[in-house]
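Accompanying notes for the structure given below.
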Amino acid sequence: MSVPAFAELLERLVFTPGRNAKLALLRDWFAAQPDPERGIGLAALTGELVFTAAKPALIRDMVASRTDPVLLTLSHDYVGDFAETVALIWPERAGTNAPAPTIAEVVEALELTPKAELPGLIAGWLDRLDASSRLALIKLITGGLRVGVSGRLARLALAEWAGKPVEEIEEVWHGVAPPYLPLFRWLEGCAERPDPRDAPVFRPLMLAHPLEDADVTALDPTAWRAEWKWDGIRVQLTAGPGGRRLWSRGGEDVSGAFPEIIAAMEFHAVLDGELLVMRDGVVAPFADLQQRLNRKSVTAKMQQDYPVGVRLYDLLFEGTEDLRPLPFDARRARLEQWVGRVAPARLDLSPQIAFASVAQLSGIRDGARAASIEGLMLKRADSPYVAGRQKGLWWKWKRDPLSIDAVLMYAQRGHGKRSSFYSDYTFGLWRPDGAGGEELVPVGKAYSGYTDAELAWLDRWIRNHTTGRFGPVREVEKALVLEVIFDAAQRSSRHKSGVALRFPRIARIRTDKPASEADRLENLTSFIEARDSRASPAR
Amino acid sequence: MIPHPETWLRVTPQGLHCLPADLWIDPPRPVPRAVITHGHADHARPGHAAVLATPETLAIMRARMGEAAAGGSQQALPPGERLDLGGVTLWLAPAGHVLGSAQVVLEWRGARAVVSGDYKRQPDPTCRGFEPVPCDVFVTEATFALPVFRHPPPAHEVAKLLRSLALFPERTHVIGAYALGKAQRLIALLRAAGWQAPVYLHGALLPLCRLYQEFGIELGELRPATIADKAALRGAIVLAPPSAIADRWARRLEDPVVCMASGWMRVRQRAKQGGVELPLVISDHADWDDLNRTIDEVGAPEVWVTHGRDDALVHALAQRGIRGRALHLVGLGEDDEAVHAA
Numbered sequence: 001m002s003v004p005a006f007a008e009l010l011e012r013l014v015f016t017p018g019r020n021a022k023l024a025l026l027r028d029w030f031a032a033q034p035d036p037e038r039g040i041g042l043a044a045l046t047g048e049l050v051f052t053a054a055k056p057a058l059i060r061d062m063v064a065s066r067t068d069p070v071l072l073t074l075s076h077d078y079v080g081d082f083a084e085t086v087a088l089i090w091p092e093r094a095g096t097n098a099p100a101p102t103i104a105e106v107v108e109a110l111e112l113t114p115k116a117e118l119p120g121l122i123a124g125w126l127d128r129l130d131a132s133s134r135l136a137l138i139k140l141i142t143g144g145l146r147v148g149v150s151g152r153l154a155r156l157a158l159a160e161w162a163g164k165p166v167e168e169i170e171e172v173w174h175g176v177a178p179p180y181l182p183l184f185r186w187l188e189g190c191a192e193r194p195d196p197r198d199a200p201v202f203r204p205l206m207l208a209h210p211l212e213d214a215d216v217t218a219l220d221p222t223a224w225r226a227e228w229k230w231d232g233i234r235v236q237l238t239a240g241p242g243g244r245r246l247w248s249r250g251g252e253d254v255s256g257a258f259p260e261i262i263a264a265m266e267f268h269a270v271l272d273g274e275l276l277v278m279r280d281g282v283v284a285p286f287a288d289l290q291q292r293l294n295r296k297s298v299t300a301k302m303q304q305d306y307p308v309g310v311r312l313y314d315l316l317f318e319g320t321e322d323l324r325p326l327p328f329d330a331r332r333a334r335l336e337q338w339v340g341r342v343a344p345a346r347l348d349l350s351p352q353i354a355f356a357s358v359a360q361l362s363g364i365r366d367g368a369r370a371a372s373i374e375g376l377m378l379k380r381a382d383s384p385y386v387a388g389r390q391k392g393l394w395w396k397w398k399r400d401p402l403s404i405d406a407v408l409m410y411a412q413r414g415h416g417k418r419s420s421f422y423s424d425y426t427f428g429l430w431r432p433d434g435a436g437g438e439e440l441v442p443v444g445k446a447y448s449g450y451t452d453a454e455l456a457w458l459d460r461w462i463r464n465h466t467t468g469r470f471g472p473v474r475e476v477e478k479a480l481v482l483e484v485i486f487d488a489a490q491r492s493s494r495h496k497s498g499v500a501l502r503f504p505r506i507a508r509i510r511t512d513k514p515a516s517e518a519d520r521l522e523n524l525t526s527f528i529e530a531r532d533s534r535a536s537p538a539r
Numbered sequence: 001m002i003p004h005p006e007t008w009l010r011v012t013p014q015g016l017h018c019l020p021a022d023l024w025i026d027p028p029r030p031v032p033r034a035v036i037t038h039g040h041a042d043h044a045r046p047g048h049a050a051v052l053a054t055p056e057t058l059a060i061m062r063a064r065m066g067e068a069a070a071g072g073s074q075q076a077l078p079p080g081e082r083l084d085l086g087g088v089t090l091w092l093a094p095a096g097h098v099l100g101s102a103q104v105v106l107e108w109r110g111a112r113a114v115v116s117g118d119y120k121r122q123p124d125p126t127c128r129g130f131e132p133v134p135c136d137v138f139v140t141e142a143t144f145a146l147p148v149f150r151h152p153p154p155a156h157e158v159a160k161l162l163r164s165l166a167l168f169p170e171r172t173h174v175i176g177a178y179a180l181g182k183a184q185r186l187i188a189l190l191r192a193a194g195w196q197a198p199v200y201l202h203g204a205l206l207p208l209c210r211l212y213q214e215f216g217i218e219l220g221e222l223r224p225a226t227i228a229d230k231a232a233l234r235g236a237i238v239l240a241p242p243s244a245i246a247d248r249w250a251r252r253l254e255d256p257v258v259c260m261a262s263g264w265m266r267v268r269q270r271a272k273q274g275g276v277e278l279p280l281v282i283s284d285h286a287d288w289d290d291l292n293r294t295i296d297e298v299g300a301p302e303v304w305v306t307h308g309r310d311d312a313l314v315h316a317l318a319q320r321g322i323r324g325r326a327l328h329l330v331g332l333g334e335d336d337e338a339v340h341a342a
């Protein structure tokens, strides 16, 4: 198969909002495509395939020499995206009915062709393809697919297609390279699972269930261990003779964004911890860490302004020894010894919290007001380290959320199953307008927390109280109060209100409350101040 | 000396007016005498005293607006049949846009102007194909007059739809399609591709489909979607007006694949705005290549552009030594493809 088949997959993925439908599209791709096409396509989707030879400027020059400049400008203004404009406007030539290239041909030719011959090569391909395929080709070779397929989703689709647990794929994924021939041979039952040997691979993380009130009383304090749940991002550190990697929770390689962590990984081990911005041992709010996320590389200034470290939770491998089957207490002892002996830079131990009763622990949880703490983690003393979310081994016990009564200002339609509902809500709080009156200022956006019945009610209310429309967004009468809960409030220079909320969601519709009695912005800023004043958590 | 058509064919607030015949073409407001190119609401408006159109267009107007509003007196003029009106020879030529669509040919004192209405050049099993008429002034639409609009073969798009039905056999595929023209063409394309199952229709699409069938166009078995239960619609194709596909009407469908059949689907952002999961690039308007080809075929030294992207088209015409003129007619271009970004 060839570029047109890949183009159709891309186009469907771009427009498909539903996760299950995306999985179905990917399964179909693995089942229908031959090697090496399916593996190259997979690598392209998950960003593992990077070309550097063809720059966007090259494409720009090629199209400029083939089109009228006025028409090109008018077209670009209309379409918006330049690659798409080129794909659509590319003049089709009669008589070019040579077969479309395969992705494998494209990849190979891009590697072997001298730079001077690239324009001719690419133009030749574009002449042989239709508009959708031209777009896929241009996006592929200039590295901008962006189809919303994470590596995690792709591996899940592989697992579903092959009927294997996704954890088994995760453990070898980073040890195989495109086009993943040994991986596909194993998944099709024709070979053993590939052995990653020394290659740094991701080990699926152990996750926790939320603790319900009913579970709390049943906890035996002697059988459980408690630690803080830090508000950063969960990471896995893998270092050894085969290399060093920093993995995100979903198994994405985020090493490039945190070179100072990689530099500090002078050891042979696999560790589980929380990546945090830390200044002199004090954890900064999540908003600071956000500055460092989703970057391929990072400047020296960013490293200086937002210094990162990892607070360690667990030790999975020491050298080549797999500690995951050991009970938690034993791993913890090994972790403490390891930290004491290795004393790694930028890494420290997440402290354990001693408690004699559940009531005492509950008091400790309520007392922790630092914005950097989400709540508590409870781990059974004898729990092995197992992939995924196994019930009864680890619990997360989040702090009670904060709450405000805000006024609904704008609503936007959702996606997928919610595409006919106004399901995304921008809400605001009152503040002085500078002219002696009051105005609403937007403070956040929520698209969860409500029941199906509440969603239907809100949708109807919004349609009946619309005062303006801006594309998919409706402005509504400032008359409906929503109780919004959230995990933390943080200062933000990027928001008009100066405040950013952590995970806001709708708790209740307050039809009983007039909009004029909704909260004021200062009610919200007081939450920031309260949490700032105790920046370091109670120990 | 032969009078230039701009001396006898003029833009007035009531639309394009032919002075010697004293009639208006597709007028946006009620006039004493109108020629209607086709039945879309932006071209065929109610309340004219006398209406001249193809028999199919008159039938469509009566079905949409009722006998009285379709015209005080109605004169059916089959394509090719000539009339003399105040010294003007008038006839209609097929435009290939929708059932009954026609170009208006006007000859006066040795000069010929052709008003195309909306048209396309792709084959369409539900209406007669466009016939180019050589002329001195060609009055054209320009809905898709940007070189980024080149419609793929419709069979290619229908094949994409059928592959999606095979991949998601449990999901209903709901397709946004305009009630006049697009819906019937899509059904005919599906039948040609071998889709035998009943096609389910939103209530707004039924009357015109029935009318097409009365004119002898085979559409196969059609059923109202409104009374079908969810289970019957699994794996089925449902057609609905574009305004209904992503709105409350579609909630009766379980986990639908929202599709849209329109030339605008060529541009990703347009498809994304409409919440479309499967865009189908099927248009009843000429694309960029066909607009330019048609203008070359009719050989007119002067082209007037009624509505759409006149800037790009006039620029391209100037490159070939053809005088282009934007008429900026109000009220046109408000049919499906122009209004619904989707």
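Those protein sequences? They're chains V and Z, same order as listed. 1 is the number of the first residue of the first sequence in full-length UniProt numbering; add one for each residue after it. 1 is the number of the first residue of the second sequence in full-length UniProt numbering; add one for each residue after it. Even for Gly, the Cβ is constructed at its ideal location relative to N, Cα and C. Values in this document were obtained by computation on a predicted structure and should not be read as measured data.
Item	Value
With a cut-off of 8 Å, does the C-beta of residue 150 (chain Z) fall near any C-beta of chain V?	yes
Can you find at least 3 beta carbon pairs, one from the region 204 to 219 of chain V and one from the region 387 to 404 of chain V, that sit closer than 8 Å?	yes
Tell me, please, which residues DSSP counts as bridged to residue 273 (chain V).	V:235, V:312
Determine the contact status of residue 312 (chain V) and residue 289 (chain V), defining contact as a CB-CB distance below 8 Å.	no
On the three-state DSSP scale, how would you describe residue 358 (chain V)?	helix
Determine the direct distance from the alpha carbon of residue 92 (chain Z) to that of residue 100 (chain Z), and round the result to whole angstroms.	10 Å
Kindly indicate which three-state DSSP category residue 33 (chain V) falls into: helix, strand or coil?	coil
How about residue 440 (chain V) and residue 449 (chain V): are their beta carbons less than 8 Å apart?	no
From this set, V:268, V:503, V:107, V:79, which residue's C-alpha is nearest residue 344 (chain V)'s C-alpha?	V:268
Would you please verify whether the beta carbon of residue 522 (chain V) is less than 8 Å from any beta carbon of chain Z?	no
Give the interface partners of residue 271 (chain Z) over in chain V, defined as CB-CB distance under 7 Å, in chain order.	15
Check the DSSP bridge columns for residue 225 (chain V) and list the partner residues they point to.	V:379
Hey, out of V:337, V:436, V:178, V:487, whose CA is closest to residue 403 (chain V)'s CA?	V:487
Listed from N- to C-terminal order along the chain, which residues in the region 89 to 115 of chain V have their beta-carbon within a distance smaller than 9 Å of any beta-carbon of chain Z?	89, 91, 92
What does DSSP give as the partner residues of residue 486 (chain V) in its beta bridges?	V:402
Can the beta-carbon of residue 129 (chain V) be found less than 8 Å from the beta-carbon of residue 106 (chain V)?	no
Can you tell me whether residue 282 (chain V) is buried or exposed, with buried defined as 16 or more other CB within 10 angstroms of its CB?	exposed
Should residue 346 (chain V) and residue 298 (chain V) be called a contact, given that it needs their Cβ atoms to be closer than 8 Å?	no
Rounding to the nearest angstrom, what Cα-Cα distance links residue 371 (chain V) and residue 279 (chain V) in this structure?	14 Å
What are the residues in the region 121 to 145 of chain V lying within 9 Å of chain Z by C-beta distance?	130, 131, 132, 135
Identify the contact partners of residue 24 (chain V) in chain Z, using a Cβ-Cβ distance below 8 Å as the criterion.	167, 168
Give, in chain order, every unbroken run of the alpha helix (DSSP H) that is at least 4 residues long and sits entirely within the UniProt domain "Metallo-beta-lactamase" (26 to 130) of chain Z.	55 to 65
Using a Cβ-Cβ cut-off of less than 9 Å, give me the residues of the region 470 to 483 of chain V that come near chain Z, in sequence order.	471, 472
At least one CB of chain V closer than 8 Å to the CB of residue 11 (chain Z): is that the case?	no
Assess, as a yes-or-no matter, whether the region 233 to 247 of chain Z is touched by the region 136 to 150 of chain Z under the definition of 3 or more beta carbon pairs within less than 8 Å.	no
If I'm right that residue 223 (chain V) touches residue 380 (chain V) with Cβ under 8 Å, what's the distance once you round it to whole angstroms?	6 Å
Go ahead and pull the three-state DSSP assignment for residue 412 (chain V).	strand
Based on Cα-Cα distance, which residue from V:97, V:231, V:79, V:78 lies nearest to residue 368 (chain V)?	V:231
If you reduce the DSSP assignment to three classes, tell me which class residue 76 (chain V) lands in.	helix
Say whether chain V places a C-beta atom closer than 8 Å to the C-beta of residue 340 (chain Z).	Caution applies to residue 340 (chain Z), whose pLDDT of 36 falls short of 50 and renders its modelled position unreliable; the value that the coordinates give is listed next. Cβ-Cβ to chain V under 8 Å: no for residue 340 (chain Z).
Whether or not the region 127 to 134 of chain Z and the region 153 to 168 of chain Z are in contact is what I'm after, with contact meaning three or more pairs of Cβ atoms, one per stretch, closer than 8 Å; do they touch?	no
Name, please, each residue of chain Z whose Cβ falls closer than 7 Å to the Cβ of residue 383 (chain V).	Correct list: empty, because the minimum Cβ distance to chain Z is about 38 Å.
Are any of the Cβ atoms in chain Z nearer than 8 Å to that of residue 284 (chain V)?	no
Suppose you measure from the CA of residue 120 (chain V) to the CA of residue 493 (chain V); what does that come to, to the nearest Å?	48 Å
Would you list, in sequence order, the uninterrupted alpha helix (DSSP H) runs of no fewer than 4 residues that lie entirely inside the region 509 to 533 of chain V?	521 to 532
Give me the subset of the region 73 to 88 of chain V whose CB atoms are less than 8 Å from a CB atom of chain Z, sorted by chain position.	74, 75, 78, 79, 80, 81, 84, 85, 88
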